[in-house]
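One structure below.
Number of protein chains: 2
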Amino acid sequence: MSTSPRFRRYTADQRREMLIEAGLACLARGGIAAFTVDKICAEAGASRGLITHHFKSKDGLLSAVYETMYERMFAVALPDYGADLAAMVDAVFADELIEKDALAAWLALWSEVPNNPTLQATHRRYYARYLARATAAIEQAAAGRTLAISTERLALMFVSLIDGLWLERAIDTRRLSRDTARTVCLDMLRAFLR
Amino acid sequence: MSTSPRFRRYTADQRREMLIEAGLACLARGGIAAFTVDKICAEAGASRGLITHHFKSKDGLLSAVYETMYERMFAVALPDYGADLAAMVDAVFADELIEKDALAAWLALWSEVPNNPTLQATHRRYYARYLARATAAIEQAAAGRTLAISTERLALMFVSLIDGLWLERAIDTRRLSRDTARTVCLDMLRAFLR
DNA sequence: AATCTTGTTGTATCGTCGTTCAACAGGGGG
DNA sequence: CCCCCTGTTGAACGACGATACAACAAGATT
Chain A
1000 MSTSPRFRRY TADQRREMLI EAGLACLARG GIAAFTVDKI CAEAGASRGL
1050 ITHHFKSKDG LLSAVYETMY ERMFAVALPD YGADLAAMVD AVFADELIEK
1100 DALAAWLALW SEVPNNPTLQ ATHRRYYARY LARATAAIEQ AAAGRTLAIS
1150 TERLALMFVS LIDGLWLERA IDTRRLSRDT ARTVCLDMLR AFLR
Chain B
1000 MSTSPRFRRY TADQRREMLI EAGLACLARG GIAAFTVDKI CAEAGASRGL
1050 ITHHFKSKDG LLSAVYETMY ERMFAVALPD YGADLAAMVD AVFADELIEK
1100 DALAAWLALW SEVPNNPTLQ ATHRRYYARY LARATAAIEQ AAAGRTLAIS
1150 TERLALMFVS LIDGLWLERA IDTRRLSRDT ARTVCLDMLR AFLR
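Listed below in structure tokens is the structure:
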């Protein structure tokens, strides 16, 4: 009688994906302290050797997780909304972006950036894209009108306000509802763009 | 011949203060991962047993560090400025509050709040005070005029913007100058209060 | 100078960490 | 059906984690 296989073989890409997902879940559950080889592999249903095998080291996985977070966030938050800033605000506070787990993962990752040169480089690259995109959107919305503030500075204000609202929600989910966050952002934009 | 004392005895309060300071330094230097008994005691020039002795556990010290951060921040940022919001903005971005080490420590602590009920309780207590203080200041500055927004919501916007600017600077100090941060805040307030 | 209180030390213990590596086995190509 | 490539396993390792605790000593009191 043939016994069932003791494990399944995946392609390298599939397995990397699984490990990234598991790493994310651990980060969300217990912060950076829970981002351990044992916990991640248990979460992924794999053995301890796999992280080293697929990512060279635990730090390699952490970098991959950070890039994945940004890619997913951008996919939701930064499509081309043209001049429709309200749509962009809605996207930035979409459920999947501001759910407890996602924000907890962001917070854990942010706290590692200052101590990890690779994460720092990744952060700078993506953050510049983020800011550039916000600036472009605001430029379109301004549509030639002269504002009481430069578009660059308004974009910085916009992005910083979003970051602050995210942060508050990340630290204490109860504190801030999705609706309040949205409204605050829109109020701010209206004050400069009407 | 009499040899010099092998260690000095401090009062419990003095030693607690020293350990808190050392814990803060470790947090600033290497994030929560560097907040270990060995490193903290080395930094404080004390032996390993002292943290347990004075704070019951490492977590006890972490809570004390968090409270100390808030107390110091409030001492600088929240005296009574009356209606002078510009002075409050200046205070919030005072050098000692936005220097690299202080912000790195905040970031490390924030990332622990969701995983630590004691920190969470502390956070809620202080954050409510922070928000209430901002609301009162804005109420005075509004001075009976009717604004395009409620004072509570404007206060939330104000505090969130500050948090966002702090966060960006905490993650990447190079990104944001003190002056830019100040100006962005003042621009935002002017848009609603002029 | 003897005594007592109490802050301090440092070892011992046990758990968990990240990484290595030799052996293993899934499953497609011959 | 066998072979071989390669993804996978899990034990072994040395380093480091937090805490407990018994011995110690500083320094005020007497």
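Protein sequence lines, in the order shown, are assigned to chains A and B. For the first sequence, position 171 (counting from the first letter as 1) is numbered 1170 according to the working numbering, and the numbering increases by one without interruption. For the second sequence, position 81 (counting from the first letter as 1) is numbered 1080 according to the working numbering, and the numbering increases by one without interruption. Built from N, CA and C at the ideal position, the CB exists for glycine as well. All of these numbers come straight from a predicted model, not from anything done at the bench.
The Cβ atoms of ALA1090(A) and LEU1096(A) sit closer than 9 angstroms to each other. Note on the segment 1023-1083 of chain A: whole alpha helix (DSSP H) runs with a minimum of 4 residues are 1036-1043, 1048-1054, 1057-1076, in chain order.
In summary, the residues of the segment 1102-1135 of chain B whose CB is separated from some CB of chain A by less than 8 angstroms are ALA1103, LEU1106, ALA1107, TRP1109, SER1110, GLU1111, VAL1112, PRO1113, ASN1114, GLN1119, HIS1122, ARG1123, TYR1126, in the order they occur in the chain. For LYS1099(A), same chain residues with a beta-carbon under 7 angstroms away, outside a window of 5 residues either side, are THR1172 in chain order. Setting aside the 5 residues that flank it on each side, LEU1108(A) is surrounded in the same chain by TYR1065, each with a C-beta closer than 6 angstroms to its C-beta; the list follows chain order.
Taking a contact as a CB-CB distance under 8 angstroms, the pair MET1156(A) and ASP1186(B) counts as one, their CB atoms being some 7 angstroms apart. Residue state for LEU1160(A) is assigned as helix, using DSSP reduced to three classes. By the Cβ criterion, the segment 1121-1130 of chain A is not in contact with the segment 1126-1133 of chain B, since fewer than three pairs of Cβ atoms, one from each stretch, lie closer than 8 angstroms.
With a threshold of 9 angstroms between beta carbons, LEU1166(A) makes contact with chain B. Counting C-beta atoms within 10 angstroms of its own C-beta, ARG1168(B) has 16 or more neighbours from the protein chains shown and is therefore classed as buried. By the C-beta criterion, the segment 1109-1116 of chain A is judged to be in contact with the segment 1014-1030 of chain B, since at least 3 inter-stretch pairs fall below 8 angstroms. Interface residue (Cβ-Cβ distance to chain B less than 9 angstroms): LEU1084(A) is not classified as such. When SER1003(A), THR1035(A), SER1176(A), MET1072(A) are compared, the shortest CA-CA separation from LYS1057(A) is found for THR1035(A). Non-local beta-carbon contacts of LYS1055(B) in its own chain, meaning distances under 7 angstroms to residues more than five positions away in sequence, are absent.
Taken atom to atom, the span from the alpha-carbon of MET1087(B) to that of TYR1080(B) is near 6 angstroms. With a cutoff of 9 angstroms on beta-carbon distance, ALA1147(A) and PHE1191(A) are scored as near each other. DSSP, reduced to helix, strand and coil, places GLU1098(A) outside both helices and strands of the structure shown, so it counts as coil. Around the beta carbon of ALA1101(A), 16 or more other beta carbons lie within 10 angstroms, which makes this residue buried.
Between ALA1011(B) and ILE1039(B), the beta carbon gap of about 17 angstroms keeps them out of contact (Cβ cut-off 8 angstroms). Annotation for THR1117(A): the continuous alpha helix (DSSP H) segment containing it runs 1116-1141. Residue-level contact check: ALA1169(A) touches chain B, since one or more beta carbons of chain B fall below 9 angstroms from its beta carbon.
Below the 7 angstroms Cβ cutoff, chain A contributes ASP1186 as neighbours of ILE1148(B), in chain order.
Linking ALA1041(B) to PHE1073(B) through their CA atoms gives a straight-line distance of about 29 angstroms. Interface flag for MET1072(A) against chain B is unset, since no Cβ pair is found closer than 9 angstroms.
At the C-beta level, GLY1059(A) and SER1159(B) stay beyond 9 angstroms of one another. Boundaries for PHE1092(B): no alpha helix (DSSP H) harbours it, and the DSSP string shows neither H nor E there. When secondary structure is reduced to three states using DSSP, ILE1019(B) falls in the helix class. Non-local C-beta neighbours of LEU1153(A) in its own chain, meaning closer than 6 angstroms and more than five positions away in sequence, comprise ILE1137, PHE1191, ordered along the chain. In the three-state reduction of the DSSP assignment, ARG1173(A) falls in the helix class. At least one CB atom of chain A sits nearer than 9 angstroms to the CB of LEU1155(B). Rounded to whole angstroms, ARG1015(A) and VAL1075(A) show a C-alpha spacing of 22 angstroms. By alpha-carbon distance to TYR1009(A), the top candidate from SER1149(A), VAL1183(A), ALA1045(A), ILE1161(A) is ALA1045(A). At a cut-off of 9 angstroms between beta-carbon atoms, GLY1022(A) makes no contact with chain B. The C-alpha of SER1003(B) is placed about 45 angstroms away from the C-alpha of ILE1170(B). Contact of SER1046(A) with chain B is not assigned, every C-beta pair being separated by 9 angstroms or more. At least one CB atom of chain B sits nearer than 9 angstroms to the CB of VAL1158(A).
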